[in-house]
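Heads up, the sequence shown is in my numbering, so the first residue is 174 and it goes up one at a time. Ideal Cβ positions, reconstructed from N, Cα and C, are used throughout, including at glycine.
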Amino acid sequence: MLNRTRRFLSTSLLTTLLLGSGTALATEPQVQPQPQAGPYVYGEAAVAAQNGATYVVMQRHQEQWLGAIYQPNAEFDCFVGQMQAQQLALRIQDPATTETFTHTLAMAPQPPIASQTGRATTPQLVGFAQLNQLTEQDHQLLTICQQRLDDSTKSPKQL
Numbered sequence: 174m175l176n177r178t179r180r181f182l183s184t185s186l187l188t189t190l191l192l193g194s195g196t197a198l199a200t201e202p203q204v205q206p207q208p209q210a211g212p213y214v215y216g217e218a219a220v221a222a223q224n225g226a227t228y229v230v231m232q233r234h235q236e237q238w239l240g241a242i243y244q245p246n247a248e249f250d251c252f253v254g255q256m257q258a259q260q261l262a263l264r265i266q267d268p269a270t271t272e273t274f275t276h277t278l279a280m281a282p283q284p285p286i287a288s289q290t291g292r293a294t295t296p297q298l299v300g301f302a303q304l305n306q307l308t309e310q311d312h313q314l315l316t317i318c319q320q321r322l323d324d325s326t327k328s329p330k331q332l
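This is the structure we're talking about:
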């Protein structure tokens with residue numbers, strides 16, 4: 174009886190170690206999920222249009238992210254960015270001086286998915302709440318930034 178109990182416990186322990194807490198080992202490669210195209214809007218405040226709060230509105234444009242960082246009733250900056258490991262690397266150009274600078278926004282890690290193709294996810298910016306709807310200003314900023322990007326491909330002076 175004692176031997177059966179030991180054998181059962183060692184088999185249970187081995188099964189737990191191999192499989193984890195009830196989940197099977199993945200046999201497919203782990204693929205980082207790809208964010209959906211958007212558009213997305215995030216705010217330091219959990220509601221839109223709060224004076225003094227910073228907002229980020231963005232959408233995927235081909236293999237890049239295009240968007241704006243702004244505060245309501247203030248100036249804004251357009252950016253083009255690349256999703257990297259746990260960050261969004263931005264390239265921002267000041268339209269007045271044409272000076273370009275870089276900035277990164279931290280992203281919450283996305284769990285890898287056991288799949289050949291991955292699955293679309295929603296990017297989560299650290300320190301920002303995702304808002305459910307874009308405002309009219311958000312739509313206007315995306316349009317302006319898209320026009321600047323289109324113009325920059327013709328004349329690389331502005332983004």
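May I ask you to report which of helix, strand or coil DSSP gives Thr270?
coil
Would you kindly work out how many angstroms separate the C-alpha atoms of Asn305 and Gly216, rounded to a whole number?
11 Å
Please work out which residues of its chain come closer than 6 Å, Cβ to Cβ, to Ala279, disregarding the five sequence neighbours upstream and downstream, and give them in chain order.
Gln260, Val299
With 16 as the cutoff for other CB atoms within 10 Å, does Phe274 come out buried or exposed?
exposed
Under DSSP, the beta strand (DSSP E) around Leu304 begins and ends at which residues?
Leu304 -> no beta strand (DSSP E), and no H or E assigned at all.
Coarse secondary structure for Thr227, derived from DSSP in three states
coil
In this structure, what does DSSP give as the bridge partners for Arg321?
None; Arg321 has no bridge partner.
Kindly list the residues whose CB is nearer than 7 Å to the CB of Leu187, restricted to its own chain and excluding five residues on each side of it in sequence; keep chain order.
Unreliable placement is indicated for Leu187, whose pLDDT of 32 sits below 50; no coordinate value is reported for it.
So, under 8 Å CB-CB, Val229 and Leu315 are touching, yes? Tell me the CB distance rounded to an integer number of Å.
The pair is not a contact, with the Cβ atoms about 11 Å apart (cut-off 8 Å).
Who are the Cβ neighbours of Tyr213 in its own chain at under 6 Å, not counting the five residues just before and after it?
Met231
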